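Single-structure report; data block below.
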Amino acid sequence: MEQFKLFEDGEHLLLPEHLMEYRPGFFGKMESERYLKFFLETVSWQQTKVMMYDKEVLTPRLCAWFGDRPIRQDDVRPPIPWTDELRAIKMKVEEHTGIIFNGVLLNYYRDGSDSVAWHSDKDTITGLKTEIASVSLGQPRNFDFRNKDHHRQQYSLELGNGSLLLMKGDLQKFWEHRIAKSAKPMKARINLTFRKVA
1 MEQFKLFEDG EHLLLPEHLM EYRPGFFGKM ESERYLKFFL ETVSWQQTKV MMYDKEVLTP
61 RLCAWFGDRP IRQDDVRPPI PWTDELRAIK MKVEEHTGII FNGVLLNYYR DGSDSVAWHS
121 DKDTITGLKT EIASVSLGQP RNFDFRNKDH HRQQYSLELG NGSLLLMKGD LQKFWEHRIA
181 KSAKPMKARI NLTFRKVA
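FYI, in UniProt numbering the residues of the sequence shown are 1 to 198.
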């Protein structure tokens with residue numbers, strides 16, 4: 001299936017600005033590499049289990065949840081306390097977006113075999129639209145979008161080292177996204193998704 005780039009001419013965003021904002025180089029190269037090294041060495045990464053087609057399978061990536069409360073109300077696992085590094089990233093993201101977040105999910109893609117399947121993120125606080133700020137560190141990976149009702153309408157955006165992607169409005173309602181597996185050699189990538197949870 002053909003995929004189209006999210007930018008027509010390198011600058012013009014095809015999806016409306018009220019749904020998405022992308023800022024490459026939001027964090028500088030040296031700062032991004034320092035954060036990547038810190039998280040790789042200090043985070044207690046876990047491989048979680050999910051149900052797929054009535055079978056329990058391991059997610060093809062590692063995760064860690066930091067914040068003020070559990071990621072879901074039915075999750076009995078306590079969140080990991082904020083680190084100074086995560087607070088610094090959170091503060092810069094909040095200053096830029098004007099949105100206050102109370103948790104962050106870290107996803108560690110170890111190589112091209114790690115991925116996340118097509119999905120949309122559910123509303124994190126009932127009655128509010130889901131706003132998620134995504135910071136990418138390390139290996140650039142393609143972030144694919146497709147329309148839920150028209151799967152042939154697909155776009156792909158390369159998320160670079162140090163970039164910020166803000167997903168907002170009704171994006172989660174009408175679109176889903178993924179990080180596909182890659183046959184090309186890939187180095188480590190960490191993705192930080194800042195969220196508001198009840």
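Note that CB positions come from ideal geometry on N, CA and C, so glycine has one too. Fair warning: this is a prediction, and the values are worked out from it, not measured in the lab.
If you follow the alpha helix (DSSP H) that residue i is in, where does it begin and where does it stop?
i: GLU174; result: The residue asked about is misnamed: residue 174 is Phe in this sequence, not Glu. That run of the alpha helix (DSSP H) goes 171-174.
By alpha-carbon positions, which one of the options ends up nearest to residue i?
i: ARG141; options: HIS151, ILE71, LEU157, SER44; result: LEU157
i: TYR108; options: ALA117, GLU17, VAL197, ASN191; result: ASN191
i: THR83; options: GLY162, LEU40, PHE66; result: PHE66
i: PHE143; options: HIS151, ASP149, LEU165; result: LEU165
i: SER120; options: SER163, LEU62, LYS90, ILE179; result: ILE179
i: PHE38; options: ASP54, ARG77, ILE89; result: ILE89
Taking the straight line between their C-alpha atoms, what separation do you get for residue i and residue j?
i: ALA188; j: GLU95; result: 28 Å
i: MET20; j: VAL104; result: 19 Å
i: LYS196; j: PRO185; result: 34 Å
i: TYR22; j: LEU36; result: 20 Å
i: HIS12; j: ALA117; result: With a pLDDT of only 49 at HIS12, under 50, the local geometry of the prediction cannot be trusted, and the value read off the model is given with reservation. C-alpha separation (whole angstroms): 27 Å.
i: HIS151; j: GLU176; result: 10 Å
i: ASP170; j: ASP111; result: 31 Å
State yes or no: is the C-beta of residue i within less than 8 Å of the C-beta of residue j?
i: THR193; j: SER134; result: yes
i: ASN147; j: GLN153; result: yes
i: LYS181; j: SER113; result: yes
i: VAL43; j: ALA64; result: yes
With residue i as the anchor, note down where its beta strand (DSSP E) starts and where it stops.
i: LEU137; result: 132-138
i: ALA117; result: 116-119
Contiguous alpha helix (DSSP H) assignments of at least 4 residues, all confined to the stretch 23-84: 29-42
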